[in-house]
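Numbering of the sequence shown is given in the working numbering, commencing with residue 219 and proceeding in unit increments.
For glycine and all other residues, C-beta sits at the position ideal for the given N, C-alpha and C.
Accompanying notes for the structure given below.
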Amino acid sequence: MNTLKKVIDWFWEGLNVLMTVAMVLMIILVFTNVVLRYGFNSGLLFSAETSRILFVWVTFCGAILCLRTNDHLELRVIDGLLPKKALFVLRRCVWAIIALCALMLVMGSMNQVNMNWYNALPLSRIPVSVLYLAGVVGGALMGLVALHRFFVPSAEKLYGKDD
């Protein structure tokens, strides 16, 4: 069990590193393109498309990591008014709804991936489906986090943000 926890922790840390590398690469591409465009009247043709793809992936990776660490914005106005059992049921309902929405995201994104697999972006020639693949990966991982929180209520207290 300890080995499994290490592998899972390694995965989350790897996702964080991947997101950081993508963000740095995106900044470098955009900055270089701006300097080339305004300083030398030229530019990198693929820069805008590649930056857009990286931005989509960074956004989904960030959403996954925020859901895992309970860093998303949430309103808990009625938490103090509900008894513990009702609050437990309410939290299970919330995690079930999040898992359902994640499933819908995966299904819709998968349809887009299938439809756009052979369409390429005009300048970079990267398949358009790479954009939609971020929704598949993001939805699947967010769904797994939600299901884990649904079935293992103690997981909500892992990061000290829940009561």
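Do you know whose CA, among the options, lies nearest residue i's CA?
i	options	result
Val-370	Val-307, Arg-343, Val-348, Ile-344	Val-307
Trp-335	Val-348, Gly-326, Leu-341	Val-348
Met-237	Met-333, Thr-221, Leu-283, Leu-293	Leu-283
Ala-266	Gly-353, Ser-342, Leu-351, Arg-294	Ser-342
Spatial neighbours of residue i within its chain, please: C-beta separation below 7 Å, excluding the five flanking residues on both sides.
i	result
Ser-269	Met-244, Leu-247, Val-248
Val-313	Here the sequence assigns Trp to residue 313, which means Val is not the residue at that position. The answer, listed in chain order, is Ala-364, Arg-367, Phe-368.
Val-354	Val-324, Ser-327, Met-328, Val-331
His-290	Cys-284
Label residue i either buried or exposed according to how many other C-beta atoms from any shown protein chain fall within 10 Å of its C-beta, with 16 as the threshold for buried.
i	result
Tyr-256	exposed
Gly-357	buried
Val-324	buried
Cys-311	exposed
Ile-315	exposed
Asn-337	exposed
Using DSSP with H/G/I as helix, E/B as strand and the rest coil, what is residue i?
i	result
Pro-371	helix
Asp-380	For Asp-380, the predicted structure reports a pLDDT of 48, less than 50, and the residue's modelled location is therefore unreliable. A value from the coordinates is still provided. If DSSP states are grouped into helix, strand and coil, Asp-380 belongs with coil.
Gly-356	helix
Gly-326	helix
Gly-261	coil
Only counting the same chain, and skipping five residues up and downstream in sequence, which positions put a Cβ closer than 8 Å to that of residue i?
i	result
Gly-378	Because the pLDDT at Gly-378 is just 46, under 50, the model does not fix this residue reliably, and the point stays unresolved.
Name the DSSP beta bridge partners of residue i, please?
i	result
Pro-345	Ala-338
Cutting at 6 Å between CB atoms, please list the residues of its own chain near residue i, excluding the five before and the five after it.
i	result
Met-360	Ile-282, Leu-285, Ala-320
Ser-260	Leu-254
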